[in-house]
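Some notes on the structure that comes next.
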Amino acid sequence: MKKNEGNYVPMDNRLNDVTKYEIVKERLSQRGVELSDIAEITFDLQKQYVKDITMDLCLNHVERVVMKREVQHAVLTGLELDILAEEGKLSEPLLSMLLGDYGLFGIDEILALSIVNVYGSIGFTNFGFVDKTKPGIIGKLDSDGKTTNKCNTFLDDIVGAIAAAAASSIAHRYSV
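Residue numbers (our numbering): 16 to 191.
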């Protein structure tokens, strides 16, 4: 629906980041991802580098990453594209590329890199590692996207990027 049509009511673009944070958490949960799932990956990325690291610390850093406006926008955009693909509401050839998680598509990784970009080179290397190894829920999302009617083309990379960004945040704060 276009802005100038009578029934269009825009969501206030000035929603505070806490409200959008709650929306992002809910949308991730609807797709089968909890912030604690992401924190587990963050924990695994940092456990050999940070003495006495805890899941609570990792979850706190995941929450801090998701609180960032740029991250919220990337998550909402990627999730919406996955959902639209599942519903067949995108045109070809984009629809087939998303449903098939086409390996040379690359836009899913580019969107995810916008999340880790805030955390410097360690964010990029952490993301590259989780994108390749697909630990924890990332592997499940990737597999489900290839073997079920779910489209997780953006979601698996978004989850990996949030975990990588949180791990990088921890590394910056607790580096030796």
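Glycine included, C-beta positions come from ideal geometry on N, C-alpha and C.
Exposed unless 16 or more other CB atoms sit within 10 angstroms - verdict on residue i
i	result
L119	exposed
Q45	exposed
G103	exposed
G121	exposed
Beta-carbon spacing of residue i, residue j below 7 angstroms
i	j	result
A178	T57	yes
I38	V174	no
G138	S183	yes
D123	T168	yes
T36	V65	In the sequence as presented, Thr is not what sits at residue 36; that position holds Tyr. No, they are not a contact pair.
A176	I125	no
K147	D157	no
Selected residue, minimal CA-CA separation from residue i, among the options
i	options	result
L99	C166, E78 and V80	C166
H88	G103, N31 and K155	N31
G93	R188, D172 and S190	D172
L43	F144, E102 and V90	V90
L170	D67, L109, G47 and L60	G47
G143	K161, D116 and L128	L128
Y189	G115, D159, K62 and K40	K62
D97	V86, L114 and E107	L114
Proximal residues to residue i (C-beta, below 8 angstroms), its chain only, five neighbours per side dropped
i	result
E55	M70, C73, G151 and I152
K40	L50 and V81
Other residues of its chain near residue i: CB distance less than 7 angstroms, five sequence neighbours each side excluded
i	result
E78	L50
I68	F58, Q61 and K62
K161	D116
Close Cβ partners of residue i (< 6 angstroms) along its chain, the five nearest in sequence each way excluded
i	result
R84	D32
A180	V80, I130, V131, Y134 and G138
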